[in-house]
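Asker: If you're matching them up, the sequences are chains A and B in order. According to the UniProt record's numbering, numbering within the first sequence proceeds without interruption in unit steps and concludes at 437. According to the UniProt record's numbering, numbering within the second sequence proceeds without interruption in unit steps and concludes at 437. Structure in structure tokens, see below.
There are 2 protein chains.
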Amino acid sequence: MLNLQLFYFLFLFSLLTFCTANFSVPHVSVNTERLIEDLKILGQFSDGDYPGITRLLYSKEDKAARRYLVALFEKSGLSVSWDPVGNIFARWEGSDPRAPAVASGSHFDTLLNAGLYDGTLGVLGALEAVRSLKEVGFEPKRSIDIIAFTSEEVSRFGIGCLGSRYLVGSLSIEELVKLKDSDGVDFESARKSCGYTERLEDSKISEDFYSAFVELHIEQYHILEDEGIPIGLVTDIAAPALYTIEWKGPGGHAGSVPSNERQDPFLAASEFALSLEQLVLRDPKNSRATIGRVEVYPGSAGAIPRSARLSLDIRDINEESRTRVKDLSLEKAAAIARKRKVTMETSHNYSYPPARMDQRIIQVMEDSCRAYNFRYLKLVSRPFHDSLFMATKFPTGMIFIPCNGGKSHVPDEYASPDDISHGVEVLAETLARLSYQ
Amino acid sequence: MLNLQLFYFLFLFSLLTFCTANFSVPHVSVNTERLIEDLKILGQFSDGDYPGITRLLYSKEDKAARRYLVALFEKSGLSVSWDPVGNIFARWEGSDPRAPAVASGSHFDTLLNAGLYDGTLGVLGALEAVRSLKEVGFEPKRSIDIIAFTSEEVSRFGIGCLGSRYLVGSLSIEELVKLKDSDGVDFESARKSCGYTERLEDSKISEDFYSAFVELHIEQYHILEDEGIPIGLVTDIAAPALYTIEWKGPGGHAGSVPSNERQDPFLAASEFALSLEQLVLRDPKNSRATIGRVEVYPGSAGAIPRSARLSLDIRDINEESRTRVKDLSLEKAAAIARKRKVTMETSHNYSYPPARMDQRIIQVMEDSCRAYNFRYLKLVSRPFHDSLFMATKFPTGMIFIPCNGGKSHVPDEYASPDDISHGVEVLAETLARLSYQ
Ligand SMILES: [Mn+2]
Ligand SMILES: [Mn+2]
Ligand SMILES: [Mn+2]
Ligand SMILES: [Mn+2]
Chain A
1 MLNLQLFYFL
11 FLFSLLTFCT
21 ANFSVPHVSV
31 NTERLIEDLK
41 ILGQFSDGDY
51 PGITRLLYSK
61 EDKAARRYLV
71 ALFEKSGLSV
81 SWDPVGNIFA
91 RWEGSDPRAP
101 AVASGSHFDT
111 LLNAGLYDGT
121 LGVLGALEAV
131 RSLKEVGFEP
141 KRSIDIIAFT
151 SEEVSRFGIG
161 CLGSRYLVGS
171 LSIEELVKLK
181 DSDGVDFESA
191 RKSCGYTERL
201 EDSKISEDFY
211 SAFVELHIEQ
221 YHILEDEGIP
231 IGLVTDIAAP
241 ALYTIEWKGP
251 GGHAGSVPSN
261 ERQDPFLAAS
271 EFALSLEQLV
281 LRDPKNSRAT
291 IGRVEVYPGS
301 AGAIPRSARL
311 SLDIRDINEE
321 SRTRVKDLSL
331 EKAAAIARKR
341 KVTMETSHNY
351 SYPPARMDQR
361 IIQVMEDSCR
371 AYNFRYLKLV
381 SRPFHDSLFM
391 ATKFPTGMIF
401 IPCNGGKSHV
411 PDEYASPDDI
421 SHGVEVLAET
431 LARLSYQ
Chain B
1 MLNLQLFYFL
11 FLFSLLTFCT
21 ANFSVPHVSV
31 NTERLIEDLK
41 ILGQFSDGDY
51 PGITRLLYSK
61 EDKAARRYLV
71 ALFEKSGLSV
81 SWDPVGNIFA
91 RWEGSDPRAP
101 AVASGSHFDT
111 LLNAGLYDGT
121 LGVLGALEAV
131 RSLKEVGFEP
141 KRSIDIIAFT
151 SEEVSRFGIG
161 CLGSRYLVGS
171 LSIEELVKLK
181 DSDGVDFESA
191 RKSCGYTERL
201 EDSKISEDFY
211 SAFVELHIEQ
221 YHILEDEGIP
231 IGLVTDIAAP
241 ALYTIEWKGP
251 GGHAGSVPSN
261 ERQDPFLAAS
271 EFALSLEQLV
281 LRDPKNSRAT
291 IGRVEVYPGS
301 AGAIPRSARL
311 SLDIRDINEE
321 SRTRVKDLSL
331 EKAAAIARKR
341 KVTMETSHNY
351 SYPPARMDQR
361 IIQVMEDSCR
371 AYNFRYLKLV
381 SRPFHDSLFM
391 ATKFPTGMIF
401 IPCNGGKSHV
411 PDEYASPDDI
421 SHGVEVLAET
431 LARLSYQ
């Protein structure tokens, strides 16, 4: 009798621990070949020469990529929907469809002439996680959503994380409709030309719509590679501030005006670029400052420039030190303008606050790494991601995998099949666990 | 009898001097309003917002401008023809049509967002000179050709004086057919799309085709304005050398790579620009060096540049000192590349020899100024012109008029109606005298 009671107690205890702390998911068998093929096909929707990838929001390549993604999601038995800006949702319905869902995803737009993995790995990696969970017979409790975000990159409309910001309500309709691309095309025309004709409306998604959001992404730097560790778990995301500085002068004929009479705005821009470099070199491990866009007008060999315009991107996990770099550099830009007798105008494109990842999700991701015996490293993400904004509304976590040489936003951006496979395994395990939490 | 002989002798002597040294042309009455209206209409054929003028070779605006010019020439009773590259010739036949003709003209293409007078004044001013000579009953002995040159500016195909170089045979067909614009359109496609479908052929125009060439042009600097002198007579034309320098680095993500690990080609370009400025500031009255075209690739705010490409335009009347500036600056560019661990490539777009204007023509222009009681100044042209190449084959001269603030290649380029009128008067007188020489 005592034995029977003990047996009964042990049985109940096991059942309880199985369902909570020691919840166990069958190991998945990731089909890495299939995933990489999908990535490569998606990479073909590009306005430029492969392997350099250019896929701007609402371009014809973007439109084609959207059709491809929707077809892939539907082929895997997911129900697909989208919102007015074109965030695409592919749902694997759980046994408790009314419970807040678990979501995973990333973006599929690119900068100009960029790489194959940035963003797309988080979209197609989430699909592969779902496919491989289905293949081992896993059944989710909470539904699992794959989100393919509209435009995380700044390449078309000059602002980042457009889709995720719209989703969480941190981008107003007024801001959206004011956007224009460099050809003067406004956001609404572009959106509608891509087939998204529903009215924009303020986000109605409440904080309990998702119980968790997890994004798989390449590291875009070489810490994991240097340490030989396959998985990075993000603790914080550094956030960017973007400014535009333009200097203007009278121009003139390249043959006529003597050098000592010139008021050349490009020389002002050059002087600024070198002074900015000196400023951030004082603290190279923290502040990042980049001049990525340079436009000199009119741009003729025979004309002294009349205008030079730069983008100034500053990133830090520490908002204060980011602001200090901004203040010092804009002061310097103005001093250079005075000295060179050119005018200067600055505009502030955006500043986002840094984000902290959710401790509970980090814990689940650590458990998931252990389930597969993967070493992992907790680290800061200096690039920003849709997770920066998803974290403002939902508990959020990010899984990083190494990429070759830490290179990203370049055509030779590369992640190995093994690293991709490991990242998807950790993601699958994490999503499965979160769907029962 | 002695009186009669003396009278007879004096009569013959007067006749002789009238026909040679003291050849006299009736003063013309320039219709400045008509000329300025023509200039403004021509300015409407522009791909951009007036008053900024953009008319690139073989563009639809150029094609429309050509139709307009041909119609104007024909309306004035001139016989119009053109060559395979689209140099347009409008001939006023003289009483001795087999004698080498006198020619006057300039270009009608522009840089990007440029002014109304550069080039066009020399085309329509020559037409006004011819119209006003016709109106006072003047009849030329040598025929007078107005030449509207195809593309003096570098704005579409990257080389200057394309039309005049083709005309004098200093631009080979092999060089021409290799040209591509920045969109990759080749010269032959562009030429044919503009309606010039005849085969290109090497220049058949011999040195005795024209006895003289005279170009009317705005000064593009402010010496005449500063001195309050209405007419400049050019003695020498400084000639340009154009190079392209490109630095390349690995690029990378703006958030990831710390400043001390970057190999940023735009910072190399900036450092070069400032060192070039220092170099030419040592001798600001002679060397002119200009970075007018700057292209940074990929040009995204979130990506460290992978490439920065500059145009380097150096001009001097002294070929040796021009070469010295080139040598020193390219050495510096290479040193910067080594220091910053970026690669560098340079290409040599062109170098032209400086030109000396013809003494006999300068003498005729001086006489013409005196005929109208205009003060004049002999000066050097630092900008180059079609005259730089016409001078390689024909005796050549240039008449400058002041332009406001010396500004050129900018939308507010301006020459006053009075100055325009005086320039055309001197041109008309000069052409008339040259047609009898
Ligand atoms: Mn990115
Ligand atoms: Mn990304
Ligand atoms: Mn010009
Ligand atoms: Mn000109």
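The C-beta atom is built at its ideal place from N, Cα and C for all residues, glycine as well. Since we're looking at a predicted model, the values are computed, not measured.
Is it buried or exposed for A/Tyr50, if we count other Cβ within 10 angstroms and need 16 for buried?
Answerer: By 1-based counting over the first sequence, the position of residue 50 of chain A is 50. When all chains shown are included, A/Tyr50 counts as exposed.
Asker: Inspect the beta-carbon positions of B/Phe272 and B/Ile336 and report whether they are closer than 8 Å.
Answerer: Mapped onto the second sequence, residue 272 of chain B falls at position 272. Mapped onto the second sequence, residue 336 of chain B falls at position 336. Yes; because the gap between Cβ atoms is below 8 Å, this pair is in contact.
Asker: Is A/Tyr210 helix, strand or coil by DSSP?
Answerer: Looking up residue 210 of chain A in the first sequence gives position 210. Reduced to three states, the DSSP call for A/Tyr210 is strand.
Asker: Given a limit of 9 Å on CB to CB distance, which residues of the stretch 329-345 of chain B reach chain A?
Answerer: Within the stretch 329-345 of chain B, no residue qualifies.
Asker: So for A/Ala21, helix, strand or coil by DSSP?
Answerer: Here residue 21 of chain A corresponds to residue number 21 of the first sequence, with the count starting at 1. Model confidence at A/Ala21 stands at a pLDDT of 42, short of 50, so the residue's coordinates are unreliable; what they give is reported in the following sentence. Here A/Ala21 sits in coil by DSSP.
Asker: Taking 6 Å as the limit between beta carbons, can you name the residues of its chain near B/Gln437, skipping five residues before and five after?
Answerer: As a working mapping, residue 437 of chain B is identified with position 437 in the second sequence. Around B/Gln437: no qualifying Cβ.
Asker: So, do the stretch 146-154 of chain B and the stretch 74-92 of chain B have three or more beta carbon pairs nearer to each other than 8 Å?
Answerer: The answer is yes - the stretch 74-92 of chain B touches the stretch 146-154 of chain B, with three or more Cβ pairs under 8 Å.
Asker: Hey, could you find the ends of the beta strand (DSSP E) B/Met344 is sitting in?
Answerer: Mapped onto the second sequence, residue 344 of chain B falls at position 344. Taken as a continuous stretch (DSSP letters only), the beta strand (DSSP E) holding B/Met344 covers 343-351.
Asker: Which residues of chain B have a Cβ atom closer than 7 Å to the Cβ of A/Gly249, listed in chain order?
Answerer: Taking the first sequence and counting its residues from 1, one reaches residue 249 of chain A at position 249. Those do not exist, as A/Gly249 stays about 10 Å from chain B at its closest Cβ, beyond 7 Å.
Asker: By Cβ distance, which residues of its chain are closer than 6 Å to A/Ser421, with the 5 residues on each side in sequence left out?
Answerer: The sequence position of residue 421 of chain A within the first sequence is 421, counting from 1. Answer for A/Ser421: Val30, Thr32, listed in chain order.
Asker: With DSSP run on the structure shown, which of helix, strand or coil describes A/Lys407?
Answerer: As a working note, residue 407 of chain A is residue 407 in the first sequence. Coil, per DSSP.
Asker: Taking only runs that begin and end inside the UniProt domain "Peptidase M20 dimerisation" (243-335) of chain B, name each unbroken beta strand (DSSP E) of 3 or more residues, in chain order.
Answerer: The qualifying runs are 288-290, 294-297, 307-316.
Asker: For A/Glu61 and A/Gly195, what's the separation of their Cα atoms in angstroms?
Answerer: Counting from 1 along the first sequence, the entry for residue 61 of chain A is found at position 61. Counting from 1 along the first sequence, the entry for residue 195 of chain A is found at position 195. Near 13 Å, if we compare the C-alpha coordinates of A/Gly195 and A/Glu61.
Asker: Listed from N- to C-terminal order along the chain, which residues in the stretch 400-419 of chain A have their beta-carbon within a distance smaller than 7 Å of any beta-carbon of chain B?
Answerer: Answer set for the stretch 400-419 of chain A: Gly406, Lys407, Ser408, His409, Val410.
Asker: Can you tell me which of B/Gln220, B/Val177, B/Asp316, B/Leu171 puts its alpha carbon nearest to the alpha carbon of B/Ile237?
Answerer: Along the second sequence, one-based indexing puts residue 237 of chain B at 237. Checking every option, the nearest Cα to that of B/Ile237 belongs to B/Asp316.
Asker: With a threshold of 8 Å between beta-carbons, can B/Gln220 be considered close to chain A, or not?
Answerer: Translated into the one-based positions of the second sequence, residue 220 of chain B becomes position 220. Yes, its Cβ sits closer than 8 Å to a Cβ of chain A.
Asker: Does the distance from the C-beta atom of B/Ala101 to that of B/Arg66 stay below 8 Å?
Answerer: If you number the second sequence from 1, residue 101 of chain B lands on position 101. If you number the second sequence from 1, residue 66 of chain B lands on position 66. The answer is no: Cβ separation not under 8 Å.
Asker: Do B/Leu224 and B/Phe389 have their C-beta atoms closer together than 8 Å?
Answerer: By 1-based counting over the second sequence, the position of residue 224 of chain B is 224. By 1-based counting over the second sequence, the position of residue 389 of chain B is 389. No.
Asker: Since B/Ala190 meets chain A, which of its residues come closer than 8 Å, beta carbon to beta carbon?
Answerer: On the second sequence, position 190 is the one that residue 190 of chain B refers to. The contacting residues do not exist; B/Ala190 stays about 18 Å from chain A at best.
Asker: State the Cα-Cα distance for the pair B/Glu188 and B/Ser106, rounded to the nearest angstrom.
Answerer: Along the second sequence, one-based indexing puts residue 188 of chain B at 188. Along the second sequence, one-based indexing puts residue 106 of chain B at 106. Taking the straight line joining both Cα atoms gives about 23 Å.
Asker: B/Asn113 touches chain A at which residues, Cβ-Cβ below 7 Å?
Answerer: Taking the first residue of the second sequence as position 1, residue 113 of chain B is located at position 113. Per Cβ cutoff of 7 Å: Pro298.
Asker: Which residues, in chain order, does the stretch 254-266 of chain A contribute to contact with chain B at a C-beta distance below 9 Å?
Answerer: Those residues of the stretch 254-266 of chain A that come within reach of chain B (Cβ to Cβ, closer than 9 Å) are Ala254, Gly255, Ser256, Val257, Pro258, Ser259, Asn260, Glu261, Arg262, Asp264, Phe266.
Asker: Given a cut-off of 8 Å, decide if B/Pro284 and B/Gln263 are closer than it, judged by their beta-carbon atoms.
Answerer: Locating residue 263 of chain B in the second sequence gives position 263, where the first residue counts as 1. Locating residue 284 of chain B in the second sequence gives position 284, where the first residue counts as 1. Contact: no.
Asker: What does DSSP give as the partner residues of B/Lys378 in its beta bridges?
Answerer: For this step, residue 378 of chain B is matched to residue 378 along the second sequence. Answer is B/Leu233.
Asker: Just to confirm before moving on: does the CB-CB distance between residue 439 of chain B and B/Val28 stay below 8 Å?
Answerer: The question about residue 439 of chain B has no answer here: the residues shown for chain B are numbered 1 through 437.
Asker: Alpha carbon to alpha carbon, what distance is there between A/Val257 and B/His222?
Answerer: Here residue 222 of chain B is taken as the residue at index 222 of the second sequence, counted from 1. Here residue 257 of chain A is taken as the residue at index 257 of the first sequence, counted from 1. Distance between the alpha carbons of B/His222 and A/Val257: 9 Å.
Asker: B/Arg288 touches chain A at which residues, Cβ-Cβ below 8 Å?
Answerer: Indexing the second sequence from 1 puts residue 288 of chain B at position 288. Near B/Arg288 (Cβ distances below 8 Å), the residues of chain A are Ala254, Gly255, Ser256, Val257, Pro258, Ser259.
Asker: How would the residue list near ligand 2 read, in chain order, if you kept each one whose beta-carbon is closer than 7 Å to any heavy atom?
Answerer: Every residue passing the under-7 Å Cβ criterion appears here: A/Ser106, A/His107, A/Asp118, A/Gly119, A/Glu152, A/His217, A/Pro383, A/His385.
Asker: Taking only runs of the alpha helix (DSSP H) that begin and end inside the stretch 52-104 of chain B, which ones reach a length of at least 4 residues, in chain order?
Answerer: Whole alpha helix (DSSP H) segments, 4+ residues: 60-75.
Asker: So B/Gly397 is in the beta strand (DSSP E); what residue range does that whole segment cover?
Answerer: For the purposes of this step, residue 397 of chain B is taken as the residue at position 397 of the second sequence. Segment 396-401, the beta strand (DSSP E) holding B/Gly397.
Asker: Do we get a CB-CB distance below 8 Å when we pair B/Val185 with the residues of chain A?
Answerer: Within the second sequence, the letter at position 185 stands for residue 185 of chain B. Not an interface residue.
Asker: Classify A/Pro230 as buried or exposed, calling it buried when 16 or more other Cβ atoms lie within 10 Å of its own Cβ.
Answerer: Position 230 of the first sequence, counted from the start, is the residue given in the question as residue 230 of chain A. Per the 10 Å Cβ criterion, buried.
Asker: Can you name the residues of chain B whose CB is closer than 7 Å to the CB of A/Lys285?
Answerer: For this step, residue 285 of chain A is matched to residue 285 along the first sequence. Simply Pro258.
Asker: Does B/Leu167 get closer than 8 Å to chain A when you measure Cβ to Cβ?
Answerer: In the second sequence, residue 167 of chain B corresponds to position 167, counting from 1. Not closer than 8 Å to any Cβ of chain A, the Cβ of B/Leu167 fails to qualify, so no.
Asker: Is it right to say B/Ser95 is buried, meaning 16 or more other beta carbons lie within 10 angstroms of its own, or is it exposed?
Answerer: Locating residue 95 of chain B in the second sequence gives position 95, counting from the first residue. It is exposed - the Cβ of B/Ser95 has fewer than 16 other Cβ atoms within 10 Å.
Asker: Would you give the residue range spanned by the alpha helix (DSSP H) that A/Phe389 belongs to?
Answerer: Indexing the first sequence from 1 puts residue 389 of chain A at position 389. 386-390 is the extent of the alpha helix (DSSP H) around A/Phe389.
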